[in-house]
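Visitor: In the working numbering, the protein residues as written are 125 to 347. Just so you know, even glycine gets a beta-carbon here, dropped at the ideal spot from N, CA and C. Just so we're clear, the structure is a prediction, and the values are computed from it rather than from any experiment.
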């Protein structure tokens with residue numbers, strides 16, 4: 125794969141050798157479904173503004189694989205609520221990697237919801253339900269053993285959107301970057317008030333990814 129930022133929208137990026145090995149490890153027999161997801165992202169996802177065209181060469185490593193490895197933190201046959209699903213990251217990547225999981229994708233913007241439903245139908249993901257709603261509107265109606273989010277908001281705000289959607293004993297898994305420690309420090313009081321336990325930073329995928337994924341894991345004590 126060429127790391128050129130000028131790859132034309134609609135061009136379907138092939139994974140590099142290292143990314144292909146990671147994809148085979150993560151997706152197993154569902155790697156063609158993962159390829160089809162990348163094709164959607166690179167075409168209609170770009171055309172409809174869910175991702176910028178400069179992201180096309182980085183769809184495999186920076187986006188799909190980066191998200192899919194989070195599934196390694198999840199127990200079998202559990203329920204996941206993905207807040208602010210946008211382009212299906214991490215929700216659809218997790219759903220492809222783990223067909224045993226039940227995914228609820230929460231997205232308030234209609235154009236994104238339409239796209240997500242189109243992709244879910246095309247990929248045949250019968251373990252995914254898309255909800256057009258803000259997270260706070262689904263409290264009491266949807267609850268997960270895990271609540272995920274990526275590039276949605278800082279933890280001070282994100283905690284209020286995710287913890288109320290988690291069952292007691294569940295976990296919030298927020299994909300974050302290098303500023304994770306600072307975000308945790310600023311959000312500690314809010315997290316405690318909402319019933320969350322002590323957050324921890326986990327780095328996953330280091331065995332298969334060139335750039336491992338950083339996750340803030342928050343145990344939910346009460347709801």
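Could you spell out the range, first to last residue, of the alpha helix (DSSP H) harbouring residue 141?
Guide: To locate residue 141, count along the chain shown from 1; it is residue 17. Note, residue 141: alpha helix (DSSP H), 141-151.
Visitor: Quick one: Cα of residue 145 to Cα of residue 332, how far?
Guide: Here residue 145 corresponds to residue number 21 of the chain shown, with the count starting at 1. Here residue 332 corresponds to residue number 208 of the chain shown, with the count starting at 1. Answer to the nearest angstrom: the Cα atoms are 8 Å apart.
Visitor: Since residue 310 sits in a beta bridge, which residues does DSSP pair it with?
Guide: Here residue 310 corresponds to residue number 186 of the chain shown, with the count starting at 1. According to DSSP, which records beta bridges pairwise, residue 310 is partnered with nothing at all.
Visitor: Suppose only complete runs of 4+ residues qualify. What are the alpha helix (DSSP H) ranges in the stretch 255-329, listed by chain order?
Guide: Here the runs fully enclosed are 279-286, 304-318.
Visitor: Are the stretch 159-169 and the stretch 299-310 in contact at 8 Å, needing three or more beta carbon pairs?
Guide: Result no; under three Cβ-Cβ pairs closer than 8 Å.
Visitor: Taking the continuous alpha helix (DSSP H) assigned at residue 207, which residues delimit it?
Guide: Residue numbering aside, residue 207 sits at position 83 when the chain shown is read from its first letter. No alpha helix (DSSP H) holds residue 207; the beta strand (DSSP E) holding it covers 203-207.
Visitor: From residue 202 to residue 271, what distance separates their C-alpha atoms?
Guide: Here the question's residue 202 lines up with position 78 in the chain shown. Here the question's residue 271 lines up with position 147 in the chain shown. Residue 202 and residue 271: Cα-Cα distance of roughly 11 Å.
Visitor: Any idea if residue 335 is buried or exposed, counting beta-carbon neighbours within 10 angstroms, 16 or more meaning buried?
Guide: Residue mapping note: residue 335 aligns to position 211 of the chain shown, counting from 1. So residue 335 ends up on the exposed side.
Visitor: What does the alpha-carbon distance come out to for the pair residue 295 and residue 288?
Guide: Position 171 of the chain shown, counted from the start, is the residue given in the question as residue 295. Position 164 of the chain shown, counted from the start, is the residue given in the question as residue 288. Rounded to the nearest angstrom, the two C-alpha atoms are 11 Å apart.
Visitor: Any chance you could list the alpha helix (DSSP H) runs of at least 4 consecutive residues sitting entirely within the stretch 180-233, in chain order?
Guide: List check, alpha helix (DSSP H) in window: 215-221.
Visitor: In the structure shown, what three-state DSSP assignment does residue 170 receive?
Guide: Taking the first residue of the chain shown as 1, we reach residue 170 at position 46. Looking at residue 170 - three-state DSSP - the assignment turns out to be helix.
Visitor: Quick check on residue 342: does DSSP put it in helix, strand or coil?
Guide: Position 218 of the chain shown holds residue 342. Strand at residue 342.
Visitor: Using 8 Å as the Cβ pair cut-off and three pairs as the minimum, do the stretch 174-181 and the stretch 303-315 touch?
Guide: Contact fails: fewer than three Cβ-Cβ distances are below 8 Å.
Visitor: Tell me whether residue 252 sits in a helix, a strand or coil according to DSSP, three-state version.
Guide: Reading the chain shown from its first residue, position 128 is the one you call residue 252. Three-state result, residue 252: strand.
Visitor: Looking at residue 229 and residue 206, is the spacing between their C-beta atoms short of 7 Å?
Guide: Numbered from its first residue, the chain shown carries residue 206 at position 82. Numbered from its first residue, the chain shown carries residue 229 at position 105. Going by C-beta atoms, residue 206 is nearer than 7 Å to residue 229.
Visitor: So if DSSP puts residue 337 in a beta bridge, which residue, or which two residues, is it bridged to?
Guide: What you label residue 337 is simply residue 213 of the chain shown in a count that begins at 1. 328, per the DSSP bridge assignment.
Visitor: Are residue 256 and residue 244 closer than 7 Å when you measure CB to CB?
Guide: The count along the chain shown starts at 1 and reaches residue 256 at position 132. The count along the chain shown starts at 1 and reaches residue 244 at position 120. Contact: no.
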